[in-house]
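In terms of the numbering used here, the sequence shown opens at residue 11 and continues consecutively.
Ideal placement from N, C-alpha and C gives every residue a C-beta, glycine not left out.
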Amino acid sequence: MRSFFDTNVLLYLFDNSEPEKKARAQEIFDREVEADRVVFSTQVLQEFYVSVTRKLASPLTPEVAEERVSDFSRLPLARVDAPLILSAISRSQRMMLSFWDALIVEAALSAGASRLLTEDLQHGQEIEGLHVENPFL
């Protein structure tokens with residue numbers, strides 16, 4: 011059972027303005043890393059870098075953010091390629107999802123994840139065997 015982490019969950023690992031969410035994100039992340047169940051996508055790493063250097067109340071420096079991306083890149087990654095993008099376009103049309111959310115879903119499915127940890131989709135939703143969970147509810 012793999013757990014796919016969306017960008018918003020990873021951001022809370024570094025968001026000092028949300029201490030409860032930060033603690034919860036750290037708890038889940040540590041547990042899933044220990045159990046060797048974490049998976050991300052190249053999209054998540056890209057979004058993480060941009061968001062953690064620009065959107066947090068106390069953003070990380072580009073150098074520290076690069077180090078964190080390097081750390082995360084050692085974990086299993088689903089690579090976003092042309093077939094995945096085309097699948098996401100199709101899913102976004104079928105399910106009325108934003109393209110970016112559809113790409114997250116496609117990446118999670120391609121990586122064999124059974125859980126998608128995100129704040130962006132409906133908690134409890136099932137998508138082809140992928141269970142959507144908002145870890146902060």
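Candidates the options, of which the one nearest residue i by Cα
i	options	result
TYR59	ASN18, VAL115, ASN144 and SER124	ASN18
SER97	ARG84, ALA112, MET106 and SER83	ALA112
GLY139	VAL115, SER124 and PRO145	SER124
LYS65	LEU147, PHE14, LEU20 and GLU136	LEU20
MET105	GLU136, PRO145, VAL90 and VAL79	GLU136
ASP46	PRO145, LEU87, GLN56 and ARG101	LEU87
ILE95	SER108, ASP81 and GLU116	GLU116
ARG89	SER108, GLN56 and GLU44	GLN56
Neighbourhood of residue i by C-beta distance below 7 Å, restricted to the same chain and skipping five residues each side
i	result
LEU23	LYS32, ALA35, GLN36 and PHE39
LEU147	HIS133
ILE99	PHE109
Cα-Cα separation between residue i and residue j, rounded to whole angstroms
i	j	result
GLU143	GLY134	6 Å
ARG12	PRO29	26 Å
ARG41	SER83	18 Å
SER102	TRP110	8 Å
ASP81	LEU107	30 Å
VAL148	HIS141	No information on residue 148 is available, as it lies outside the stretch 11 to 147 that the chain covers here.
ALA92	PHE14	20 Å
6 Å Cβ shell around residue i - same chain, five flanking residues per side excluded
i	result
LEU85	VAL48
SER27	ALA67
Beta-carbon contacts of residue i that lie in its chain and below 8 Å, excluding the five residues immediately before and after
i	result
ASP16	VAL54, ILE114, LEU126, LEU127, THR128, GLU129 and ASP130
LEU70	PHE24, VAL62, THR63 and ARG78
PRO145	VAL19, ARG34, ALA35, ILE38 and LEU127
Reduced DSSP category for residue i - H, G, I as helix; E, B as strand; rest coil
i	result
VAL49	strand
ARG89	coil
SER27	coil
ARG101	helix
ALA123	strand
Is the region 51-60 in contact with the region 109-128, if contact means three or more CB pairs nearer than 8 Å?
The region 51-60 makes contact with the region 109-128; the number of CB pairs closer than 8 Å reaches 3 or more.
Assess contact between the region 33-46 and the region 65-79, defined as three or more Cβ pairs (one per stretch) separated by less than 8 Å. Is contact present?
The region 33-46 makes no contact with the region 65-79; the number of CB pairs closer than 8 Å stays below 3.
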